[in-house]
Amino acid sequence: MKKILEVRNLTKIHGRGCPQCIDSTGPEADTNICPHCGSVVAAHGVSFDLHAGEILGIMGESGSGKSTVVKTLYFDDAPSAGEAIVFDEARQWNLFSLNAAEQRWLRNHRLGMVYQNPHLGLNFNVSAGGNIAERLLMSDLSHYGEIRERARRLLERTEVLPERMDESPKKFSGGMQQRVQIAKALATQPPLLYLDEVTTGLDLSVQARILDLILEIQQELNTAMIVVTHDLGVIRLLAGRTIVMKYGRIIESGLTDQILEDPQHAYTQRLVASAL
Amino acid sequence: MNPNYELPLDEADYSFGFLDEFAKREVRRTILKAIAIPGYQTPYASREMPMGRGFGTGGLQLTLSLIGQDDTLKVIDQGSDDSVNAVNLRHFVELTCPGVDTTERTSEATLIQSRHRIPEVELSESQVLILQVPYPDPLVVIEPSEAKRKVMHGEGDYSRLLTKLYEDIVQFDEITISHRYPTRINGHYVIDPSPIPRYDIPRLHRSKALVLLGAGREKKIYAVPPYTVAAPLAFDDVPFRTEDFSDEHGARRTCGRCGADDSFLDELIADDGSKVWQCSDSDYCNQRLAEPSHEVSA
Ligand SMILES: Nc1ncnc2c1ncn2[C@@H]1O[C@H](COP(=O)(O)OP(=O)(O)OP(=O)(O)O)[C@@H](O)[C@H]1O
Ligand SMILES: [Mg+2]
Ligand SMILES: [Zn+2]
Ligand SMILES: [Zn+2]
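Residue numbers (my numbering), protein chains in the order written: chain A, 1153 to 1428; chain B, 8 to 305.
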């Protein structure tokens, strides 16, 4: 299988940092706050690979560093250390050594992000179609008719009524807003998509339909995805492999079935048990 | 500005051009930088002028920094040399730049300071057009943070501005921006071309005259150097269009005064309440009337 993403020793520290930060934080230390300098070690030593068409789950309790990982990989946040390589069709992108213009190009053309909070992913001052147009305009499309047609097809694909494409997503339900976000993220057909708690807070039936949509898209387009969630049900349904994080570190990783059937780490065991 | 402003006698040793030499030199340096980076909003230390900002202080500082004794200045406001604002600015220059000639004739001017219009007659390489700008940044409508706008300009990221045009077409079937139409200069920076109508935008394109734009309140100077590409933002299939002066039968309206059918027209209400159209560029209109052939053709 073709490798899409390789992440090695990703670290993100909020704060000044000190030589003892790493040794004084993590699951053993039972904190992600350095007692010496007060910095937050949001993630440290995070390494994994992702292959074409694969869905990788990242789970863990609140504050464990899940969003930190995808935010750095989407350039929303700069890492403190580490390396990440995106293997694109013709070339490799060493994410953390790109300049701002290269980052923006890669983000607009080859990556997609769906946030838990639709305000982060959507511009509520423009219509649903305009949100998708914006992303297409970023990738240098300049034909109004074509932009409109593609926006309509994307919204149709994510089951947003095309009649509503000229309305602001402000007026949409939470589930609909997530569908618009997914359509926007898919607009440039990126080979790599990040989904951060996309169904959290939605009704169960709405959740189920969005999860189905994500699976369908993965099968149709062979998009590789990182799915961040604290919901074991989401992990079970979507992710082939899963990473479990605690206090910024990976404490367990492997095939999702194995992790859920036979969790090795006591923390994972508790997570799984509490979900039953 | 007070039109009757006189320099106090004991301060009559103001330097030529009101601004001190340091201020003028800084403006000139900024102009050079602005010309070197076409369309880039170059910051400068805008001086206090004896009139409210918003009355063309940005344009005036450019004019005062460039004008010399052998220059001939024309000042227009809304196309007219006679409007209060134009008269006041012209008076101020006459007062502070002894020896400088002023004119209403576009062809005679070496420096033209203008608000709202570019003259109808094509400008030449030996002329400089100075446009007064109230709001220099076209991105201000979609991004409140100046720091973020700077990054967007630097990266040539105008997708959100284009999205606004998209939304405009969705709502109104056409791009409705009438003035200050966002225009890309030399393939990179998009500028606010000052409150000129769309009609004047094509005149920026490869203009023989240097065009300088000054925003006093926002402390920015930018330039469209001679022969530089100026392209209004548009879509491949929804091209940029200038104002349509057709009447209800599809015929081009003409100036009620000089008969011109190739000028930007202002709509006026005549004494009897009917609508009349007239050249907004008063010098263009006057020159046409003065032509010997005029009686014949009219
Ligand atoms: N800008 C910041 N400044 C300081 N600390 C931060 C900042 N952003 C995140 N953190 C901290 O970093 C840690 C990891 O945060 P992160 O958002 O990655 O957690 P998460 O696993 O996504 O949690 P949740 O499930 O609540 O979304 C948390 O302790 C958080 O408080
Ligand atoms: Mg999170
Ligand atoms: Zn520390
Ligand atoms: Zn006329």
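Think of the CB as a built atom: it goes at the ideal place given N, C-alpha and C, for glycine as much as any other residue.
- Secondary structure at Gln68 (chain B): helix, using DSSP grouped into helix, strand and coil.
- Inter-segment contact for the stretch 1278–1295 of chain A and the stretch 155–175 of chain B is present: three or more beta-carbon pairs are separated by less than 8 Å.
- By the neighbour-count definition (other C-beta atoms within 10 Å, threshold 16), Arg1300 (chain A) is a buried residue.
- For Met1265 (chain A), the beta-bridge partners assigned by DSSP are A:Tyr1346.
- DSSP, read as helix, strand or coil, puts Gln1333 (chain A) in helix.
- Note on geometry: alpha-carbon atoms of Leu71 (chain B) and Arg124 (chain B) lie some 20 Å from one another.
- Look at Gln285 (chain B): its beta carbon is less than 7 Å from one of the heavy atoms in ligand 4.
- If only complete runs of 3 or more residues are kept, the stretch 123–191 of chain B shows the beta strand (DSSP E) at 135–139, in order along the chain.
- Closest option to Tyr1226 (chain A), judged by alpha-carbon separation, among A:Ile1411, A:Leu1347 and A:Asp1409: A:Leu1347.
- Between Pro143 (chain B) and Tyr229 (chain B), the gap from beta carbon to beta carbon is short of 8 Å.
- When the Cα atoms are used, Glu174 (chain B) and Gly1297 (chain A) turn out to be separated by approximately 13 Å.
- For Arg1393 (chain A), the three-state secondary structure derived from DSSP is strand.
- Assignment of Pro1321 (chain A) by DSSP, reduced to helix, strand and coil, places it in the helix class.
- Here Pro1187 (chain A) is exposed, its C-beta having fewer than 16 other C-beta atoms within 10 Å.
- For Cys292 (chain B), the enclosing alpha helix (DSSP H) begins and ends at Ser289 to Ala297.
- If you compare the alpha carbons of A:Asp1364, A:Ile1165 and A:Met1377 with that of Glu1206 (chain A), the shortest gap goes to A:Met1377.
- Nearest Cα to Ile137 (chain B) within the set B:Pro126, B:Asp278 and B:Val236: B:Pro126.
- At least one beta carbon of chain A lies nearer than 8 Å to the beta carbon of Val177 (chain B).
- Closest in alpha carbon position to Val1193 (chain A), among A:Phe1200, A:Ile1210, A:Lys1218 and A:Leu1202, is A:Lys1218.
- Only those residues of the stretch 174–199 of chain B whose C-beta falls short of 7 Å from the nearest C-beta of chain A are listed: Glu174, Ile176 and Val177.
- Distance between His1166 (chain A) and Asn1184 (chain A), taken at the CA atoms: about 10 Å.
- Short note on Lys1218 (chain A): C-beta closer than 7 Å to some heavy atom of ligand 2.
- Take the alpha-carbon of Ile119 (chain B) and the one of Phe29 (chain B): they are about 23 Å apart.
- For the 8 Å CB-CB criterion, Lys1164 (chain A) and Ala1195 (chain A) form a contact.
- At a cut-off of 8 Å between C-beta atoms, Phe25 (chain B) does not count as an interface residue with respect to chain A.
- Between Ala1360 (chain A) and Val1379 (chain A), the CB-CB gap reaches or exceeds 8 Å.
- At a threshold of 7 Å, Arg1331 (chain A) does not count as near ligand 4, since its beta carbon sits no closer than that to any of the ligand's heavy atoms.
- According to DSSP, residue pairing for Lys81 (chain B) in a beta bridge involves B:Ile119.
- The C-beta distance from Gly266 (chain B) to Trp284 (chain B) rounds to 11 Å, too long to fall under 8 Å, and the pair is not in contact.
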